[in-house]
Amino acid sequence: MKRIILSLLIIFFLSLQPAQAYWIWTPKTGKWINPKTLPKDNPKEQFAYAKEFFDINKYEDAKREFRKLLKAYPKSAEAAESQYYLGLAEERQGKLYEAYQAYQLVIDKYPFSERIQEIIELEYKIAERFM
């Protein structure tokens, strides 16, 4: 009986071997990272990747990818657009206050954005819904 249990335990633990996560040690940060969670190589690729999720109405995935862009490339031209799309995603999910906050961040952090007038109109419409 002990041999059967021991054999089953060995088989069980050997079957776990291929299930290990793929992690890489980076001396630069001193941390283990999973390459699947890293942003794309440049902001244009990251924005396009996030926009694909947005276009097929996968708003949670889109928000995650837009946030990655904002964290990795905060001063890129795509950062303002990412913040704008974060607001749109929040609004389409019915999270109006979060959408307002996301839109306001575009105005505060990226006043050079071409969408400022559009964002002010969107904020006004959100405010009207609360009245």
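Under our numbering, the sequence shown has 121 at position 19, and the numbering climbs by one with no breaks.
A virtual CB, placed ideally from N, CA and C, is assigned to each residue, including glycine.
Same chain, Cβ closer than 7 Å to residue i, five either side skipped, listed in chain order
i, result
"residue 218", "209"
"residue 220", "none"
Within 8 Å, strictly: CB atoms of residue i and residue j
i, j, result
"residue 170", "residue 148", "yes"
"residue 200", "residue 192", "yes"
"residue 187", "residue 214", "no"
"residue 198", "residue 231", "yes"
Cα-Cα separation between residue i and residue j, rounded to whole angstroms
i, j, result
"residue 142", "residue 133", "19 Å"
"residue 140", "residue 207", "23 Å"
"residue 136", "residue 127", "9 Å"
"residue 125", "residue 229", "45 Å"
"residue 189", "residue 211", "14 Å"
"residue 196", "residue 151", "23 Å"
"residue 146", "residue 223", "27 Å"
Continuous beta strand (DSSP E) stretch holding residue i: start and end
i, result
"residue 197", "From DSSP, residue 197 is part of no beta strand (DSSP E); its letter is neither H nor E."
"residue 133", "133 to 135"
"residue 127", "126 to 128"
DSSP state of residue i mapped onto helix, strand, coil
i, result
"residue 158", "coil"
"residue 171", "helix"
"residue 163", "helix"
"residue 43", "Residue 43 lies beyond the stretch modelled for the chain, which goes from 103 to 233, so this question has no answer here."
"residue 205", "helix"
The ligand MN heavy atom lying under 7 Å from the CB of residue i
i, result
"residue 107", "Among the ligands in the structure shown, none appear at all, so the ligand MN cannot be discussed."
Cβ of residue i within 8 Å of any chain D Cβ
i, result
"residue 153", "Given the protein chain composition of this structure (a single chain), no chain D is represented."
Endpoints, alpha helix (DSSP H) assigned at residue i
i, result
"residue 230", "218 to 232"
"residue 114", "104 to 117"
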